[in-house]
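In order, the protein sequence lines correspond to chains A and B. With the first letter of the first sequence counted as 1, position 69 gets the number 69 in the numbering used here; the numbers rise by one all the way through. With the first letter of the second sequence counted as 1, position 104 gets the number 104 in the numbering used here; the numbers rise by one all the way through. Even for Gly, the Cβ is constructed at its ideal location relative to N, Cα and C. Below you'll find the structure, written out as structure tokens, and then a few comments.
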Amino acid sequence: GAGVSQTPSNKVTEKGKYVELRCDPISGHTALYWYRQSLGQGPEFLIYFQGTGAADDSGLPNDRFFAVRPEGSVSTLKIQRTERGDSAVYLCASSLTGAEAGGSSYNEQFFGPGTRLTVL
Amino acid sequence: KNQVEQSPQSLIILEGKNCTLQCNYTVSPFSNLRWYKQDTGRGPVSLTIMTFSENTKSNGRYTATLDADTKQSSLHITASQLSDSASYICVVSANTGFQKLVFGTGTRLLVSP
């Protein structure tokens with residue numbers, strides 16, 4: 001079946017502009033996560049959705065960042081007044097639920113290919 | 001602060017050789033530890049997942065170990081292939097009610113012919 005898809009794959013914008021990054025999770029996955037990966041670093045957690053609601057947005061760096069998931073499927077990460085420091089790969093992941101499972105069962109997170117954002 | 005540290009930062013080995021990557025973590029409360037493979041320009045793909053009660057887990061030529069007492073893990077790759085060239089990221093899931101993943105910075109492996 002189809003995996004997690006993200007669009008666009010690359011986005012170049014100018015400092016101060018507004019950008020939207022889209023994530024299409026695996027069908028049926030109620031949990032969706034956004035991460036940011038800077039060059040040479042591991043991904044860093046931004047926000048977690050369970051269904052339509054943002055259950056944990058503690059990773060968003062400031063109020064220029066906002067994400068929505070109005071129908072519990074597709075999510076959009078919105079960045080206002082972009083800065084050069086926002087340049088990174090933005091990864092989206094989804095899982096069946098957000099909860100950890102016990103024993104040998106895990107709710108694995110499946111990642112999309114990411115959107116590479118470059119702010120000039 | 002929850003942290004995951006990996007070593008070495010990068011590694012070059014000859015095709016067919018074995019290698020071992022290391023991971024130390026300070027994430028609490030601990031839920032599970034995962035190793036991901038990330039090819040250039042792609043999202044991470046899960047290799048193994050272990051809870052604190054599991055000491056070792058294999059996935060083909062990949063074998064992960066976990067010592068929950070010392071908070072250390074390793075990923076051993078046997079008979080390396082050119083396609084193993086990638087970044088290998090150690091990830092610890094904090095038991096916060098959902099899968100809040102804490103990623104290491106990764107080890108960049110290059111398998112040379």
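task = Tell me where the beta strand (DSSP E) around R61(B) begins and ends.
result = Start at 1 with the first residue of the second sequence, and residue 61(B) comes out as number 61. In the DSSP assignment, R61(B) falls outside any beta strand (DSSP E) and carries neither an H nor an E.
task = Check whether the Cβ atoms of N24(B) and K57(B) sit closer than 8 Å, and answer yes or no.
result = Start at 1 with the first residue of the second sequence, and residue 24(B) comes out as number 24. Start at 1 with the first residue of the second sequence, and residue 57(B) comes out as number 57. Cβ atoms of N24(B) and K57(B): not closer than 8 Å.
query = Are any of the Cβ atoms in chain A nearer than 8 Å to that of G107(B)?
reply = To locate residue 107(B), count along the second sequence from 1; it is residue 107. A quick correction: the sequence has Thr, not Gly, at residue 107(B). Answer no: the Cβ-Cβ gap between T107(B) and chain A never drops below 8 Å.
ask   = Should K17(A) go down as buried or exposed, given a rule of 16 or more other Cβ atoms within 10 Å for buried?
value = Stepping through the first sequence from its first residue, residue 17(A) is reached at position 17. K17(A) counts as exposed, since fewer than 16 other C-beta atoms from the protein chains shown sit within 10 angstroms of its C-beta.
key: Q2(B) vs V91(B) beta-carbon contact at 8 Å   = Taking the first residue of the second sequence as position 1, residue 2(B) is located at position 2. Taking the first residue of the second sequence as position 1, residue 91(B) is located at position 91. For clarity, residue 2(B) is Asn in the given sequence; the question names Gln instead. Between N2(B) and V91(B), the CB-CB gap reaches or exceeds 8 Å.
message = With distance defined between alpha-carbon atoms, name the residue in D86(A), F110(A), T115(A) and Q6(A) nearest to S95(A).
response = Mapped onto the first sequence, residue 95(A) falls at position 95. The shortest C-alpha separation from S95(A) is found at F110(A).
ask   = Can you tell me whether DSSP reads S31(B) as helix, strand or coil?
value = Stepping through the second sequence from its first residue, residue 31(B) is reached at position 31. Strand, per DSSP.
ask   = Start and end of the beta strand (DSSP E) containing L91(A)?
value = In the first sequence, the residue the question calls residue 91(A) occupies position 91. According to the DSSP assignment, L91(A) belongs to the beta strand (DSSP E) that extends over A88 to S95.
key: Contact set between A55(A) and chain B, taken where Cβ atoms lie within less than 7 Å   = The residue you call residue 55(A) lines up with position 55 of the first sequence. Under the 7 Å cutoff, chain B gives F98.
message = Please report whether the beta-carbon of P113(A) lies at a distance below 8 Å from any beta-carbon of chain B.
response = Translated into positions along the first sequence, residue 113(A) becomes position 113. P113(A) counts as touching chain B.
inquiry  = Given a cut-off of 8 Å on the beta-carbon distance, is the pair Y35(A) and F49(A) in contact?
reply    = Indexing the first sequence from 1 puts residue 35(A) at position 35. Indexing the first sequence from 1 puts residue 49(A) at position 49. No Cβ-Cβ contact shorter than 8 Å links Y35(A) with F49(A).
key: Residue from V12(A), E108(A) and V119(A) whose Cα sits closest to the Cα of Y157(A)   = Here chain A covers residues 1 to 120 and nothing more, so residue 157(A) does not appear.
ask   = Which value, in whole angstroms, describes the spacing of the CA atoms of P8(A) and A67(A)?
value = Position 8 of the first sequence, counted from the first residue, corresponds to residue 8(A). Position 67 of the first sequence, counted from the first residue, corresponds to residue 67(A). For P8(A) and A67(A), the gap between their C-alpha atoms comes out near 16 Å.
message = Is there a Cβ of chain B sitting closer than 8 Å to that of S87(A), yes or no?
response = Working through the first sequence from its first residue, we reach residue 87(A) at position 87. So no, S87(A) is outside the interface.
key: Alpha carbon of N95(B) to alpha carbon of D84(B), nearest angstrom   = As a position in the second sequence, residue 95(B) is number 95, starting the count at 1. As a position in the second sequence, residue 84(B) is number 84, starting the count at 1. Approximately 31 Å between the Cα atoms of the pair.
inquiry  = In the DSSP assignment, the beta strand (DSSP E) including T52(A) goes from what residue to what residue?
reply    = In the first sequence, the residue the question calls residue 52(A) occupies position 52. No beta strand (DSSP E) contains T52(A), which DSSP labels as neither H nor E.
request  = Reducing DSSP to helix, strand and coil, say where S83(B) ends up.
outcome  = Position 83 of the second sequence, counting from 1, holds the residue named residue 83(B). In this structure, S83(B) counts as helix in the three-state DSSP scheme.
ask   = Pick from A54(A), E20(A) and R69(A): whose alpha carbon is nearest that of V119(A)?
value = By one-based count along the first sequence, residue 119(A) stands at place 119. In terms of Cα proximity to V119(A), the closest of A54(A), E20(A) and R69(A) is E20(A).
inquiry  = What would DSSP say about R84(A), mapped onto helix, strand or coil?
reply    = Residue numbering aside, residue 84(A) sits at position 84 when the first sequence is read from its first letter. Three-state result, R84(A): helix.
task = With DSSP as the reference, label R42(B) as helix, strand or coil.
result = Here residue 42(B) refers to the residue found at position 42 of the second sequence. Three-state DSSP puts R42(B) in coil, outside helix and strand.
ask   = Helix or strand or just coil, what does DSSP make of F45(A)?
value = In the first sequence, residue 45(A) corresponds to position 45, counting from 1. In the structure shown, F45(A) falls within a strand segment according to DSSP collapsed to helix, strand and coil.
key: Secondary structure of G10(A), DSSP reduced to three states   = Position 10 of the first sequence, counted from the first residue, corresponds to residue 10(A). It is worth fixing the name first, because residue 10(A) is Asn in this sequence and not Gly. Judged by DSSP in its simplified three-state form, N10(A) adopts strand.
ask   = Which one or two residues does DSSP pair with P3(B) in a beta bridge?
value = Along the second sequence, read from residue 1 onward, the residue named residue 3(B) stands at position 3. Per the sequence presented here, residue 3(B) reads as Gln, with Pro not at that position. Note: Q3(B) sits in no beta bridge, so no partner.
task = Report the partner residues of L21(B) according to the DSSP bridge assignment.
result = For the purposes of this step, residue 21(B) is taken as residue 21 along the second sequence, with counting starting at 1. Beta-bridge pairing links L21(B) to L75(B).
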